[in-house]
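A.B. asks: Questions regarding the structure given below will be posed in turn.
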Ligand SMILES: *Cc1c(COP(=O)(O)O)cnc(C)c1O
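Residue numbers (this note's numbering): 1 to 392.
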């Protein structure tokens with residue numbers, strides 16, 4: 001599907017995207033760029049991927065009619081249950097897709113970077129499944145903050161490399177992963193976890209997450225009026241939107257993390273406050289100072305705590321095809337507690353941002369809304385229970 005909303009032959013979405021990479025990385029990116037479409041289309045690849053998505057991930061994930069939530073808002077609200085995927089979020093859809101691409105390219109070693117650890121866990125899971133070596137770069141500071149995910153990755157057999165340079169967080173881990181890839185161009189594939197990075201990553205990751213909206217189309221009886229998803233890099237959102245991009249009757253809503261509020265500096269709302277610049281080798285919108293220093297973002301949810309956004313979203317924002325908005329930490333916490341009590345579903349704090357947007361809408365009985373529930377909240381219990389105790 002080539003349209004004004006998707007990537008062109010040069011790897012751009014309008015003025016965003018591209019591959020702004022060091023010369024040393026050209027062979028790696030070139031190999032991927034020339035082969036990814038053909039690989040993904042091949043019947044043997046699709047057969048293996050579809051089988052795994054069904055039997056290993058548990059797809060299709062249900063499209064659940066949330067009756068009590070619907071009654072409360074006096075409209076019809078469905079939850080797309082990505083929280084029921086193996087490993088607890090949509091990230092496994094991409095990790096499995098990419099590891100099968102790596103196998104077709106005869107790669108024997110996988111590297112990844114991770115911040116919150118969710119992408120690291122999905123990648124380590126896929127590697128264990130395939131019996132392939134897995135090296136995950138992680139900032140030392142993040143390793144302390146996300147200790148349970150470090151333990152998971154170790155159990156799954158991955159090697160975790162602590163990164164002690166710079167601020168010891170995601171940005172530095174990314175630099176180390178790129179350095180590794182430059183040094184190991186023939187045997188290694190680098191699995192990026194969202195629709196970010198140099199072309200062809202944003203498009204490739206989008207292809208693997210588009211399964212979400214493909215399933216929605218088969219599952220929903222009447223056309224949705226709105227589809228709502230939270231946005232970190234933007235992979236669960238583009239997955240939920242993809243097959244509706246050309247259907248202008250459907251309002252698409254992307255919810256960024258406002259953190260403490262977009263009027264403060266403690267925020268991760270990139271499209272609300274960002275400007276054009278290059279981050280992780282692609283042209284997009286980023287949170288930066290006047291002289292181009294990347295601003296350290298803030299969100300209560302680690303998965304949305306990113307100073308950039310996928311180039312396709314920057315483009316869809318410019319074309320006004322998707323409405324982008326933001327939700328604060330407190331609003332997301334409230335929504336997480338609310339959904340838990342209303343439906344018996346504890347959402348990831350990331351997904352709670354999408355739920356929280358219901359409060360901001362002027363809902364009508366004829367509205368038929370789908371919220372992409374990107375992940376489950378088990379990983380956030382510590383933060384969530386702190387709030388509960390606070391309320392007591
Ligand atoms: C990582 C993550 C996100 C944010 O990443 P996207 O690429 O924007 O989807 C959202 N929800 C959950 C549960 C995550 O783990």
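Just so you know, even glycine gets a beta-carbon here, dropped at the ideal spot from N, CA and C.
1. Just to confirm, does residue 119 get its C-beta within under 8 Å of one of the non-hydrogen atoms of ligand 1?
2. Please state if the CB of residue 209 and the CB of residue 228 are separated by a distance shorter than 9 Å.
3. For the beta strand (DSSP E) containing residue 81, list its first residue and its last residue.
4. Contact check, residue 267 vs residue 273 under 8 Å by CB: the rounded distance?
5. Would residue 96 pass as a contact of residue 62 if the rule is Cβ separation under 9 Å?
6. Between the segment 168-178 and the segment 198-216, are three or more C-beta pairs nearer than 8 Å?
7. Taking the alpha carbon of residue 107 as the point to measure from, which residue in 250, 301, 132, 259 has its own alpha carbon closest?
8. Let me know if residue 329 comes out buried or exposed under the rule of 16 or more other beta-carbons within 10 Å of its beta-carbon.
9. Determine, using beta carbons only, whether residue 114 and residue 92 come nearer to each other than 9 Å.
10. Counting C-beta neighbours from all protein chains within 10 Å, is the total for residue 76 16 or more, i.e. buried, or is it exposed?
11. Let me confirm a value: residue 74 is counted as buried when at least 16 other C-beta atoms fall within 10 Å, else exposed. Which label applies?
12. With respect to 8 Å, is the separation between the Cβ of residue 235 and the closest non-hydrogen atom of ligand 1 below this value?
13. Go through its chain and collect everything with a Cβ distance to residue 185's Cβ below 6 Å, but skip five positions before and after it.
14. Pick from 343, 322, 64, 358: whose alpha carbon is nearest that of residue 331?
15. Is residue 113 near ligand 2, in the sense that its beta carbon is under 8 Å from a heavy atom of that ligand?
16. Rounded to a whole number of angstroms, what is the C-alpha to C-alpha distance between residue 171 and residue 159?
17. Please list, in chain order, all residues of the same chain as residue 127 whose beta carbon is under 8 Å from its beta carbon, the five residues on each side excluded.
18. With DSSP as the reference, please indicate the residues paired to residue 136 in a beta bridge.
19. In the DSSP assignment, the beta strand (DSSP E) including residue 276 goes from what residue to what residue?
20. Answer yes or no: do residue 25 and residue 198 have a C-beta to C-beta separation smaller than 9 Å?
21. For residue 398, write down the residues that DSSP places opposite it in a beta bridge.
22. Run through the DSSP bridge pairs and tell me what residue 371 is partnered with.
23. If you measure from the CB of residue 206, is any heavy atom of ligand 1 nearer than 8 Å?
24. Determine the burial state of residue 270: buried for a count of at least 16 other Cβ atoms within 10 Å of its Cβ, exposed for fewer.
C.D. replies: The relevant details are as follows:
1. Taking the chain shown and counting its residues from 1, one reaches residue 119 at position 119. The answer is yes for residue 119.
2. Residue numbering aside, residue 228 sits at position 228 when the chain shown is read from its first letter. Residue numbering aside, residue 209 sits at position 209 when the chain shown is read from its first letter. It is not a contact, given that the beta carbons lie outside the stated cut-off.
3. The count along the chain shown starts at 1 and reaches residue 81 at position 81. 76-81 is the extent of the beta strand (DSSP E) around residue 81.
4. Numbered from 1 along the chain shown, position 267 holds the residue referred to as residue 267. Numbered from 1 along the chain shown, position 273 holds the residue referred to as residue 273. About 7 Å separates the two Cβ atoms, so the contact holds.
5. Reading the chain shown from its first residue, position 96 is the one you call residue 96. Reading the chain shown from its first residue, position 62 is the one you call residue 62. The answer is no: Cβ separation not under 9 Å.
6. no
7. Working through the chain shown from its first residue, we reach residue 107 at position 107. Answer by Cα proximity: 132.
8. In the chain shown, counting from the first residue as 1, residue 329 sits at position 329. Counting Cβ neighbours within 10 Å, residue 329 comes out buried, since at least 16 surround it.
9. Locating residue 114 in the chain shown gives position 114, counting from the first residue. Locating residue 92 in the chain shown gives position 92, counting from the first residue. For residue 114 and residue 92, no; Cβs fall outside 9 Å.
10. If you number the chain shown from 1, residue 76 lands on position 76. With 16 or more Cβ atoms within 10 Å of its Cβ, residue 76 is classed as buried.
11. Locating residue 74 in the chain shown gives position 74, counting from the first residue. Exposed, because fewer than 16 other Cβ atoms sit within 10 Å of the Cβ of residue 74.
12. Against the chain shown, residue 235 aligns to sequence position 235. For ligand 1, at least one heavy atom lies less than 8 Å from the Cβ of residue 235.
13. For the purposes of this step, residue 185 is taken as residue 185 along the chain shown, with counting starting at 1. The residues are 27, 28.
14. What you label residue 331 is simply residue 331 of the chain shown in a count that begins at 1. Per the Cα distances, 358.
15. Questions concerning ligand 2 fall outside what the structure shown contains, since the ligands it does hold are ligand 1.
16. Within the chain shown, residue 171 is the residue found at index 171, counting from 1. Within the chain shown, residue 159 is the residue found at index 159, counting from 1. Using only the alpha carbons, I get a separation of about 19 Å.
17. Position 127 of the chain shown, counted from the start, is the residue given in the question as residue 127. 99, 110, 133, 134, 156, 157, 158.
18. In the chain shown, counting from the first residue as 1, residue 136 sits at position 136. Paired residues: 112, 160.
19. Mapped onto the chain shown, residue 276 falls at position 276. 275-279 is the span of the beta strand (DSSP E), which, as asked, contains residue 276.
20. In the chain shown, the residue the question calls residue 25 occupies position 25. In the chain shown, the residue the question calls residue 198 occupies position 198. Their beta carbons are under 9 Å apart, which means residue 25 touches residue 198 by this criterion.
21. The question about residue 398 has no answer here: the residues shown for the chain are numbered 1 through 392.
22. Within the chain shown, numbered from 1, the residue matching residue 371 stands at position 371. Residue 371 pairs with 79, 228.
23. As a position in the chain shown, residue 206 is number 206, starting the count at 1. No - ligand 1 has no heavy atom lying nearer than 8 Å to the Cβ of residue 206.
24. The sequence position of residue 270 within the chain shown is 270, counting from 1. Its Cβ being crowded by 16 or more others within 10 Å, residue 270 is buried.
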